[in-house]
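J.:
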Amino acid sequence: MSAEIILVIEDDVHIAGLVGQVLREAGYAPEIVRDVGAARALAATGWRPAALLSDLMISGSQGPDRLHGELVALFPGVPIALMTGVTPKRRAAMGVDHDRVIEKPFELEALLAAVSDLLAHP
340 MSAEIILVIE DDVHIAGLVG QVLREAGYAP EIVRDVGAAR ALAATGWRPA ALLSDLMISG
400 SQGPDRLHGE LVALFPGVPI ALMTGVTPKR RAAMGVDHDR VIEKPFELEA LLAAVSDLLA
460 HP
């Protein structure tokens, strides 16, 4: 059985590296890209991950309030969680209302629990 592929869109090289390592050690196959443009290029090939984790404030997006919709359009049916250090109050003020958010800084166990939940309840 092959490992489930998790797309990670993260521009901070240190966070991307840590998330990738944690996912690999947990038996997943992370695919890490630095911006939404790179995710668009993957989507254009027909490639689909099992789940997607994206930084909320990521380059190449039309804005944090539109990011979730952009990702759903690129990868229909793929469960998505957003990673951010932006407070819930500020997210609400920005118009971000996605309910699957991984708060930065996060515990590694919380990250894995969120991925497990995404896969179990897409």
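Each residue of the sequence shown is one higher than the one before, starting from 340 at the first, in my numbering.
Heads up, the beta-carbon is just placed ideally off N, CA and C, and yes, glycines get one too.
Please name the residue in 399, 346 and 395 whose C-alpha comes closest to that of residue 441.
T.: Comparing Cα-Cα distances from residue 441 to each of 399, 346 and 395, the minimum goes to 395.
J.: Looking only at its own chain, which residues have a Cβ that is under 7 angstroms from the Cβ of residue 389, when we skip the five neighbours before and after it?
T.: Closer than 7 angstroms at the Cβ level, and outside the excluded window around residue 389, lie 343, 344, 345 and 458.
J.: By the 10 Å Cβ neighbour count, where 16 or more other Cβ atoms means buried, how is residue 364 classified, buried or exposed?
T.: By the neighbour-count rule (16 or more Cβ atoms within 10 Å), residue 364 is not buried but exposed.
J.: Going along the chain, which unbroken runs of the alpha helix (DSSP H) with 4 or more residues stay wholly within the stretch 379-434?
T.: Entirely contained in the stretch 379-434, the alpha helix (DSSP H) runs reaching 4 residues are, in chain order, 403-413 and 427-433.
J.: I'd like the list of long-range same chain contacts for residue 379, defined as Cβ closer than 8 angstroms, with 5 residues on each side in sequence excluded.
T.: Cβ neighbours of residue 379 beyond the five flanking positions: 399 and 413.
J.: With C-beta atoms as the reference, is residue 347 less than 8 angstroms away from residue 410?
T.: Cβ distance not < 8 angstroms, so residue 347 and residue 410 don't count as in contact.
J.: Can you list, in chain order, the residues of its chain with a C-beta nearer than 6 angstroms to that of residue 447? Leave out the 5 residues immediately preceding and following it.
T.: Excluding positions up to five away in sequence, the list reads 361.
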